[in-house]
Amino acid sequence: MRQNIFLIGFMGAGKSTVARMMQERFHMALVEMDEQIEWQQGKRISEIFAVHGEEYFRQLETELLEGLSQKENTVVSCGGGVAMRECNVEAMRKSGTVVYLSAEPETIYERVKNSHNRPLLEGNMNTAYIAELLKKRLPFYLAAADVTVETDKKDGIAICDEIFEKCTGRL
Ligand code: S3P
1 MRQNIFLIGF
11 MGAGKSTVAR
21 MMQERFHMAL
31 VEMDEQIEWQ
41 QGKRISEIFA
51 VHGEEYFRQL
61 ETELLEGLSQ
71 KENTVVSCGG
81 GVAMRECNVE
91 AMRKSGTVVY
101 LSAEPETIYE
111 RVKNSHNRPL
121 LEGNMNTAYI
131 AELLKKRLPF
141 YLAAADVTVE
151 TDKKDGIAIC
161 DEIFEKCTGR
171 L
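Under the numbering used here, the letters of the sequence shown match residues 1 to 171, in that order.
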């Protein structure tokens, strides 16, 4: 694929897993934003939030995205908050297709319940909180997305193929 694919969506929507599968299945390069930021900073996401605060982390995300605009044939697994900033959405749109991976709060909870590297869910690890935050974010995800793919009760291969089908029609 000439253009890039940006996977957006809530924590636990499956962005990282699906991005790794897209890399293998469609021979794309892969950028996992959280991992890249952790590597650059030499700290886990939870430490970056604790030491520098959320705004600092959001700025790192914006800078990383700006740097990705030169890439081609790359699948980018975005952090769950990336679509909240308009400038991030513009940067993604410039170089690729934005795919929103949707999931129900119950599905998300099952996927993230044992994680301790998601500061926003620390102390809030329950379906009600996830549902509330998802409701606030949903308009941003939908506004940013060129296409949406539901992930509940689907396996990774089916999700990859649906993304490919929906995106190749647009590239
Ligand atoms: C965040 C999602 C996380 C990570 C950070 C903030 C968010 O990424 O970037 O904890 O605001 O939704 P994942 O969506 O990959 O878990």
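Just so you know, even glycine gets a beta-carbon here, dropped at the ideal spot from N, CA and C.
Being a predicted model, the structure only gives us computed values, none of them experimental.
Query	Result
Pull up the CB-CB distance for R58 and G80, whole angstroms please, since I reckon it's below 8 Å.	In fact, because the Cβ distance is near 12 Å, the residues do not count as touching under 8 Å.
What's the gap between the Cα of I159 and the Cα of G42?	32 Å
Using only the alpha-carbon positions, how far apart do Y129 and I108 sit?	11 Å
So does M11 have its beta carbon nearer than 6 Å to some heavy atom of ligand 1?	yes
Taking all protein chains shown into account, decide if S186 is buried (16 or more other Cβ within 10 angstroms of its Cβ) or exposed.	The chain is shown only over 1 to 171; residue 186 falls outside these bounds and no answer can be derived.
With a threshold of 16 other CB atoms inside 10 Å of the CB of L68, please say whether the residue is buried or exposed.	buried
Use the C-beta contact count for I8: other C-beta atoms within 10 angstroms, 16 or more gives buried, fewer gives exposed.	buried
I'd like to know whether the C-beta atoms of I157 and V99 end up nearer to each other than 7 Å.	no
Give a yes or no on whether the C-beta atoms belonging to N124 and S46 are separated by under 7 Å.	no
Heavy atom of ligand 1 less than 6 Å from the Cβ of G81, yes or no?	yes
Let me make sure I understand the geometry here. Which of Q70, E110, E90 and V51 has the alpha-carbon closest to that of A29?	Q70
How big is the Cα-Cα spacing for G72 and Q3?	First, the amino acid is wrong: residue 72 is Glu here, not Gly. Answer to the nearest angstrom: the Cα atoms are 5 Å apart.
Quick one: what's N191 bridged to in DSSP?	The structure shown has nothing for residue 191, since the chain only spans 1 to 171.
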